[in-house]
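Asker: Numbering (my numbering), first residue to last: 3 to 520.
Please find one structure pasted underneath; my questions will follow.
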C-alpha cells in the first residue's frame, strides 16, 4: 500500500465541518460555546445552534467572494463572533488568519501581505490601526459597532439553507497563526483540517476531558492554546467551552462557580487567585501547565497536568498526568503520535540519557505537525531535518523516558506567554542613527516571567543618552507590539564577548537582572 494512503487513514473523511455536524447530530441540545462577557448579557450556543450560525456565516462569506483557499484576517479580541468567523472560514474552505490584537499598523500590514489576506473581520477599536496599516482588502467587517469604510458583522450572515457544503479535504489549510522565532520576522504557521482533527482526538485524552466537562478559555483566541489545546479538545468529545474576553482576577471564581468549570489552562498569573485562602468549593479539577508539579497540586487545589507543545506541534506533544506519578518538574513523556529525540544542535548527534540537547519531534506534517510556514519555503526547510522538527527548546532526557525542560534558545523571549524575537527588536533599534550595536535580552519579572530590555552601544557622534533613549522607544512603539517594546535601555561601552567575538547574552541577562526592577 502507498505510504500516503496509510498515513492519511486516521483523518480520512474528517474535517472541521464534519466535526461540527457530528455533534449537532449526536448532541444537538448540549451547550457547545458559552460567552461570558465582562459586561452585559452572555449567551450560549448549543451544538445545533453553533452549526446553524456557522453555516449562516459560511453562506454569507461565499456571497462575498470568500471561497476555497481565500485568506481572511480575523483581528479580534475574544468574542463569539471571532470564533464563528474562524469556523465559517474553515467551513467554506478558506483560511482564517488570526493575529495578535496588540500588533502595530506596521505589523498588521506585514501579516496581511505575508498571508495574502483579501478581507478582514475586526472590532471597532481595532479598525483604526487596521486602516492605518494601509493593507489592501476587498472588505472589512466590524463586530458590534461601526467604523469608516466597513460593513457591520451582522451583514455577513446569509441563509444557512443555501449552504450546500463542499468535499472533505483533510489536508486543506484552515488557519494561519504568526509565531516569533529567533529570526527577525514572525512566521506564518499553517494548520490543516487534519491538524484540527488530530487536536480534537489527542487533546482530550491528554487532559482527561469528558463530554460533560467545561473548559474555561481565558487566553487570547488568536493563540494555539485557546484554539487547539482548548477549543478543539472540547469539540473532540462534545464538551463545552466557556469563553471570556480575557483573564479577570476579580471575576474568576464567580465564572468558575456559575458555569461549572472543570478544566483551564494555567499561567503563572493565575496562581495568586487559585491559591487564595478563601478559595470556594467548585467543580474545577484540572489545570494544564508546562510540567509535573505536585507542589502546585497542593497549592492550587487542583490536579496539574503537564503538557508541552507549540504552534507548530498543534497540540500537546509531551504530556504527563498526576496519576502517572512522574518526577517533579518533568514535562512528561512523548504523547502518542509523536516521536521524540534529544539532539546536540551543533553536531546532530543524539544525546545520551542525562545530556542536554535540542528537542526534536517527529510526526506527519499536516496531521501531528504544522503543514508549513506560509510563503517561506526556506524557513520551512530550515525547521526540519528529514521528518524531524527542530523545536529550538533545550531539554534533558531522563530515566524512564521523562523529558526535562532546560533552556529555550535565549534569542526567543517569553513575555507573559507571548513569544518575542530578540532579533526583531534588535533590527528596529539597530537601524536608528546613533546606535552602534544593540543586544536584546530578557530580564526577570515577577508577573510576566520576563520583559524585554536592550543593551546599547552609542556612536561617538550620537545624541545624549536621554535623547537617544526617547528616539529608540519612539521607534519601537511605532513598529512593535507593546509587549515587544524594551522596558529599559541600558547604555554600555562594550558587550561581554566569547569565542569568535560572540556576544555573551547569558552575561547580559545576569547584568540586567542585577539592575533595579522595571
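Every residue, glycine too, gets a C-beta built ideally from N, C-alpha and C.
Here the structure is a predicted model, which means the values were calculated and not measured.
Straight-line CA distance for residue 135 to residue 109?
Answerer: 8 Å
Asker: Assuming residue 416 and residue 454 make a contact with CB atoms under 8 Å, what is their CB distance in whole Å?
Answerer: Their Cβ separation, rounded to whole angstroms, is 11 Å, which puts residue 416 and residue 454 out of contact at 8 Å.
Asker: Who are the near neighbours of residue 178 in its chain, counting only those whose CB is closer than 8 Å to its CB and skipping five residues on each side?
Answerer: 73, 97, 98, 99, 100, 117, 190, 191, 192, 193 and 376, listed in sequence order.
Asker: Report the residue ranges of all beta strand (DSSP E) runs contained in full by the segment 275-315; include only those spanning at least 3 residues, in chain order.
Answerer: 288-291 and 305-310
Asker: Check whether the Cβ atoms of residue 42 and residue 71 sit closer than 9 Å, and answer yes or no.
Answerer: no
Asker: Return the Cβ separation of residue 436 and residue 460 in integer angstroms, given the expectation that the two are a contact with Cβ distance under 8 Å.
Answerer: So it is a contact: roughly 6 Å between Cβ atoms.
Asker: For residue 140 and residue 162, which I take to be in contact (beta-carbon distance under 8 Å), what is that distance rounded to the nearest angstrom?
Answerer: Not quite, the Cβ-Cβ distance comes to about 23 Å (not below 8 Å), so this is no contact.
Asker: Beta-carbon within less than 6 Å of residue 197's beta-carbon, same chain only, minus the 5 sequence neighbours each way: which residues are those?
Answerer: 316
Asker: Identify the residues that DSSP records as bridge partners of residue 179: which are they?
Answerer: 100 and 191
Asker: Which runs of the beta strand (DSSP E) at least 3 residues long sit entirely within the segment 462-499? Give them in chain order.
Answerer: 490-493
Asker: Would you tell me roughly how many angstroms separate the C-alpha atoms of residue 362 and residue 400, rounded to the nearest one?
Answerer: 15 Å
Asker: Classify residue 518 as helix, strand or coil using the three-state DSSP reduction.
Answerer: coil
Asker: In the DSSP assignment, find the unbroken beta strand (DSSP E) run with residue 217 in it and report its ends.
Answerer: 216-219
Asker: Could you tell me the distance, in whole angstroms, from the CA atom of residue 14 to the CA atom of residue 370?
Answerer: Taking the straight line from one Cα to the other gives about 14 Å.
Asker: Rounded to a whole number of angstroms, what is the C-alpha to C-alpha distance between residue 29 and residue 332?
Answerer: 37 Å
Asker: Is there contact here, the segment 272-287 with the segment 321-329, by at least three beta-carbon pairs under 8 Å?
Answerer: no
Asker: Quick one: what's got a C-beta closer than 7 Å to residue 346's C-beta in the same chain, skipping five residues either side?
Answerer: 353 and 359
Asker: DSSP three-state label for residue 46, please.
Answerer: strand
Asker: Residue 340 to residue 56, Cα distance in whole Å?
Answerer: So the alpha carbons of these two residues sit roughly 32 Å apart.
Asker: What are the start and end residues of each continuous alpha helix (DSSP H) run of 4 or more residues lying completely inside the segment 81-160, in chain order?
Answerer: 82-94, 107-117 and 126-134, all fully within the segment 81-160.
Asker: Could you pull out every residue in the same chain whose Cβ sits closer than 6 Å to the Cβ of residue 318, ignoring the five residues on either side in sequence?
Answerer: 208, 309, 311 and 337.
Asker: Alpha carbon to alpha carbon, how far is residue 502 from residue 424?
Answerer: Note that residue 502 scores a pLDDT of 43, beneath 50, so its modelled location is shaky; the value from the coordinates is reported in the next line. Computed Cα separation, rounded: 20 Å.
Asker: In three-state DSSP terms, what is residue 211?
Answerer: In the structure shown, residue 211 sits in coil (DSSP, three-state: anything other than H, G, I, E or B).
Asker: Can you round the beta-carbon distance between residue 79 and residue 247 to whole angstroms, since I take them to be within the 8 Å contact cut?
Answerer: Yes, they are in contact, since the Cβ atoms of residue 79 and residue 247 sit about 6 Å apart, within 8 Å.
Asker: Using DSSP with H/G/I as helix, E/B as strand and the rest coil, what is residue 452?
Answerer: Strand.
Asker: Taking Cβ to Cβ, would you say residue 492 is nearer than 9 Å to residue 511?
Answerer: no
Asker: Taking the straight line between their C-alpha atoms, what separation do you get for residue 268 and residue 299?
Answerer: Take the alpha-carbon of residue 268 and the one of residue 299: they are about 12 Å apart.
Asker: Exposed or buried, residue 445, counting other C-beta atoms within 10 Å across all chains shown (16 or more means buried)?
Answerer: buried
Asker: Drop a sphere of 10 angstroms on the beta-carbon of residue 507, count the other beta-carbons inside from all chains shown, and report buried for 16 or more, exposed for fewer.
Answerer: buried
Asker: Among all the DSSP beta bridges, which residues are the ones paired with residue 444?
Answerer: 454
Asker: Closer than 8 Å to a non-hydrogen atom of the ligand MG - does that hold for the CB of residue 220?
Answerer: In terms of ligand content, the structure shown is empty, and the ligand MG therefore cannot be addressed.
Asker: Hey, quick one: how far does the beta strand (DSSP E) through residue 267 stretch, first residue to last?
Answerer: 265-267
Asker: CA-CA distance, residue 187 and residue 426?
Answerer: 6 Å
Asker: Does DSSP put residue 391 in a helix, in a strand, or in coil?
Answerer: Residue 391: strand per DSSP, three-state reduction.
Asker: Along the beta strand (DSSP E) that carries residue 383, what are the first and last residues, could you check?
Answerer: Per DSSP, residue 383 belongs to no beta strand (DSSP E); it is in the alpha helix (DSSP H), 379-385.
Asker: Verify whether the separation of the beta carbon atoms of residue 233 and residue 85 is less than 9 Å.
Answerer: yes
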